[in-house]
Amino acid sequence: MSLRVKLLVGFSVVFSLVFAGVFYWFYEFTTDKVLARLKSDMRATLMGAIAGVNVDELMALYAEGQPNADGFSDDPRYLRILAWFETVHNIEPRAWIYSYAIGTSDTNRRIGAPAAEPGELEIIYLVDLWSVYNPSKAARFLEPDNAGIAARRVLTNGGLFESSIYSDKWGTWISAFAPLKDRNGQVVAVLGLDIDAGYVRQLQNAIRGRVLLACILTYIIFFGLIYILSGILTRHLRELTRFAEQIAVGDYRLEQSSSFGGTRFPDEMNTLSKVFLGMVENIRIREQIIREGKRAEDEMRLALEEERELNELKSRFISMVSHELRTPLTVIRTSLELLDRYGHLATEEKRQHYFQRSRIAVENMNQLIEDVLMIGKAEACKLDFSPTLLELKPFCKDVVEEVRMGIGHTHRLAFTHTGNCSEAYFDPKLLRSILTNLLSNAFKYSPSGSTVKFTLACDERLVTFEIQDEGIGIPTEDQPRLFELFHRASNVNAIRGTGLGLAIVRQCVAEHGGSITFESQEGKGTTFTVRLPVKRSLPELEPLGNSNSHNGHQELAVTRHPIHATARIPQITMAVDSELSEPLGD
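Next up, the structure:
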């Protein structure tokens, strides 16, 4: 927000507050004066009206009078009191007088049902001036009503009670109530007087309208003056602000306007402009020096970071390969030594057992090498993708049988399929790698005796593979990095693994142009879902989207690009191959 706008806003706020205060004072002052005069007239009229009311005659009317057909009364006492009310009204035309008796609902005389609960105060209307001028507004003779705050206060205090200005369906009024006492000084009835205060509202509306018009005109005039003056005062500041904005984006080509140098009467702003331009030139030179040093620093930091990441990757890769190869090599060496020394003594079954252990160890090493080679090919963008026509149900059943043979009887595997899973084009090698990695992970991280569910679902557009386990689950903090190379969850403990499987799955899914998602809750299991687009002919596969994660649900719509965090994997692979070519030793 510019200084000019702030000045205008500040003026508007101050003007509004000052005007609101003045208006409120004038409005309240005028209203109070008018109401004070009106109440003074009302009190004087009420006191004069009380002097002409015979309380004994009024109470005798209450005790003996009868209503006529119109709901009022033809009793001479009623007519005499009504004539007195008319006399008062002729003297003060704004005054409308009425009277009512006050007592409990158990003792009151009335027409109709009581208006209050037994024992509660109730008023009984007697004479109402409106019966002469507008009977629809008048209260009927002996008509009951609840005792309001006015009647209660008059009865309790025995003095005059005045109301504030109020409005109802008949207009705007102020009212006063005075007690009517019997010979014993007891309040037996109340004389009420309403004065029409509609002109007070008219006066208030007139004040609001005229003051608002004066406010608008005054505001427009002052706003125009402030706008012009603020433009003159802030012109130099706008120039300096424009220069500062140019400097902020690195543009030091400043052109001084005539408002600084060409003025006839220079002031502090002209001096400030000259000093500012000199400072800008110095800043330009210093920033150029700093920028060059920063560029060199960034280049060095980037090189160091790349070197650090490369060294860490090499260390992790060599550690993983060494660890994963040492175990099967130890198995092979132990089995061969046992066969060499005690083979002639062992039974055929025992020898076959050692041969089987060696074969499994060889297969594990071969699988590790295949995984490393696949990662290297993916990094070099040379991963073979050869889709062929597959029958999905038989293919999945074969994979299930292969995995079931490897897990023995420690887990249960439930395979189901839905939809029309007919022939489609997929790479069998990559698809097998996807399914075997996900299934083996499900068994590896699930307790013995648990069930792994494998579901195949097909429709016209997608083939969905869903693998659900009852295992240890994936911690929330590990889920965003689950598909990174060598990354393993923090809760795997002593469970062996390389951290390559899901990275390979991700790349194989990318080659098919599909997506992989998972939902996991620590301690309750994980569900992986792979969706591959159905192609009825040899396709050119495209990726489906980008990666997302939310609330324990991770989705990775993979693309065909080198695997993250596998920089220079071919060189690392070659280095390991050269190390393995040397004698292993003990």
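Following my numbering, the residues of the sequence shown are numbered contiguously, the last one being 587. Note that the Cβ used here is the ideal one computed from N, Cα and C, for glycine as well. Given the structure is predicted, the values throughout are model-derived calculations rather than measurements.
query                                                                                                                           : result
Straight-line Cα distance separating Leu4 from Thr242                                                                           : 10 Å
Nearest to Ser176 (by Cα), restricted to the options Val188, Glu163, Glu65, Asn185                                              : Glu163
Straight-line gap, Leu59 to Ile82 (C-alpha atoms, nearest Å)                                                                    : 8 Å
Contacts around Met2, its chain only, beta-carbon distance under 7 Å, and the 5 residues preceding and following it disregarded : none
Three-state secondary structure assigned by DSSP to Val15                                                                       : helix
Contained alpha helix (DSSP H) runs [length at least 4] in the segment 48-117, N- to C-terminal order                           : 56-65, 77-92
Length of the line joining the Cα atoms of Pro77 and Leu62                                                                      : 9 Å
DSSP three-state assignment for Ala504, whether helix, strand or coil                                                           : helix
Close beta carbons around Ile496, own chain, < 7 Å, minus the five adjacent residues each side                                  : Lys445, Tyr446
Coarse secondary structure for Leu483, derived from DSSP in three states                                                        : coil
Own chain, CB closer than 6 Å to His562, minus 5 neighbours either side, in chain order                                         : Confidence at His562 is low in this model, with a pLDDT of 42, below 50, so its placement is unreliable and no value can be given for it.
Backbone CA spacing between Gly472 and Pro448 [nearest angstrom]                                                                : 6 Å
Exposure label - Phe86; buried when at least 16 CB within 10 Å                                                                  : buried
Nearest-angstrom Cα separation, counted from Glu118 out to Ile150                                                               : 16 Å
Exposure label - Gly450; buried when at least 16 CB within 10 Å                                                                 : exposed
Expected contact under 8 Å - CB spacing of Asp341 and Ser387 to nearest Å                                                       : At roughly 43 Å, the Cβ-Cβ gap does not stay under 8 Å, so Asp341 and Ser387 are not in contact.
CA-to-CA distance, Cys397 to Asn442, given in whole angstroms                                                                   : 17 Å
Cβ distance (whole Å) where Ala148 is taken to contact Glu123 below 8 Å                                                         : 6 Å
From Arg292, Val133, Phe142, residue whose alpha carbon lies closest to that of Ile125                                          : Phe142
Neighbour-count burial assignment, Phe356, 16 or more Cβ in a 10 Å radius                                                       : exposed
Residues of its chain near Ser491, where Cβ-Cβ distance is below 7 Å and the 5 sequence neighbours each way are ignored         : Pro476, Asp479
Rounded distance between the beta-carbons of Ala152 and Ile51, thought under 8 Å                                                : Not really, about 16 Å apart at Cβ, beyond 8 Å.
Every unbroken beta strand (DSSP E) inside the segment 133-178 [3 residues or more]                                             : 145-147, 167-169
Contact check, Ala190 vs Ala116, beta carbons under 8 Å                                                                         : no
Euclidean distance between Cα positions of Val404 and Glu392                                                                    : 19 Å
Ala198 in three-state terms, based on DSSP                                                                                      : coil
For Ser41, the three-state DSSP class (helix, strand or coil)                                                                   : helix
Exposed unless 16 or more other CB atoms sit within 10 angstroms - verdict on Asn91                                             : exposed
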